[in-house]
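Trainee: The opening position of the sequence shown corresponds to residue 124 in the working numbering, with each subsequent residue numbered one higher. Heads up, the beta-carbon is just placed ideally off N, CA and C, and yes, glycines get one too. All of these numbers come straight from a predicted model, not from anything done at the bench. Questions regarding the structure given below will be posed in turn.
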Amino acid sequence: MSDTVRLIKKYPNRRLYDTKTSAYITLGDVKELVLKFEIFKVVDAKTGEDLTRSILLQIILEEETGGVPLFSCELLSGFIRFYGSTSQNMLGKYLENNMKTFVDFQQKLQEQSRSMYGGGDTASLQADFWNQFLNFQQPAMQNMMTAYMDQSKKMFQSMQDQLQTQTRSMFTGFQVPPGETPEK
């Protein structure tokens with residue numbers, strides 16, 4: 124992984140130009156950069172506007188339309204409902220933190236499997252072993268993630284309950300003027 128940011132320019136004809144290799148690249152090539160943990164930035168060639176998020180979203184869209192989607196319609200609808208709400212930033216941070224936790228957990232599992240079963244001589248043997256291991260572990264992983272999400276949901280509900288309690292206690296000292304009834 125390089126410490127310098129790899130610059131990719133997007134031209135009006137929708138082509139992407141990698142300034143490091145001095146060659147045009149595709150979205151598939153950008154996906155490979157992501158998979159290799161390369162640090163890069165996509166900018167509009169004319170304006171210099173940062174288009175990195177837009178390109179990453181295009182890659183996600185291609186992945187979602189070809190093959191097995193990661194996001195259900197219900198989940199995507201939930202994301203859309205959060206846009207513009209006061210909780211939008213909180214949801215973004217929550218998802219980011221959970222993704223980091225999940226990736227860290229996955230890396231630790233890989234490290235443990237390597238130390239238990241050896242590094243393997245070829246990449247294909249490692250990939251095959253890892254696929255078999257994950258297929259075996261999938262039910263356990265799903266149960267663990269479900270438990271984690273249930274715990275997160277309970278914690279979030281607890282935070283909401285605490286906020287409501289604190290809000291009520293702040294306003295209990297206020298008197299309703301005579302002749303007016305409080306709204307319910």
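Quick check on Y140: does DSSP put it in helix, strand or coil?
Mentor: DSSP places Y140 in the strand class (E or B) of the three-state scheme.
Trainee: Helix, strand or coil, according to DSSP, for K75 in the structure here?
Mentor: Residue numbering for the chain in the displayed model covers 124 to 307; residue 75 lies beyond these limits and cannot be assessed.
Trainee: Quick one: any contact between the segment 163-183 and the segment 128-139, if contact means 3 or more CB pairs under 8 Å?
Mentor: yes
Trainee: According to DSSP, what are the bridge partners of D173?
Mentor: V166
Trainee: With a cut-off of 8 Å on the beta carbons, I'd call V153 and I178 a contact; round off their distance for me.
Mentor: Their Cβ separation, rounded to whole angstroms, is 6 Å, which keeps V153 and I178 in contact under 8 Å.
Trainee: Please go through the same chain and pick out, in chain order, the residues whose beta-carbon is closer than 6 Å to the beta-carbon of E172, but skip the five residues on each side of it.
Mentor: none
Trainee: Please check the pair L139 and I148, which I expect to be a contact at CB under 8 Å, by giving their CB distance rounded to whole angstroms.
Mentor: Correct: roughly 5 Å between the Cβ atoms.
Trainee: Distance check for V226 and L150, CA to CA, integer angstroms please.
Mentor: 23 Å
Trainee: In the DSSP assignment, find the beta strand (DSSP E) that holds Y147 and state where it starts and stops.
Mentor: 146-148
Trainee: Report the rounded CA-to-CA distance for M268 versus I203, giving the unit in angstroms.
Mentor: Rounded to whole angstroms, M268 to I203 spans 23 Å at the Cα level.
Trainee: Considering only the beta carbon of each residue, do F205 and L199 sit closer than 8 Å?
Mentor: Contact annotation: F205 and L199 have beta-carbon atoms that are not nearer than 8 Å.
Trainee: Between the alpha carbons of Q265 and L232, how many angstroms are there, rounded?
Mentor: Going from the Cα of Q265 to the Cα of L232 covers about 15 Å.
Trainee: Look at the Cβ atom of L180, then the Cβ atom of E187, and state whether they are nearer than 8 Å.
Mentor: It is not a contact, given that the beta carbons lie outside the stated cut-off.
Trainee: State the Cα-Cα distance for the pair D284 and F294, rounded to the nearest angstrom.
Mentor: 16 Å
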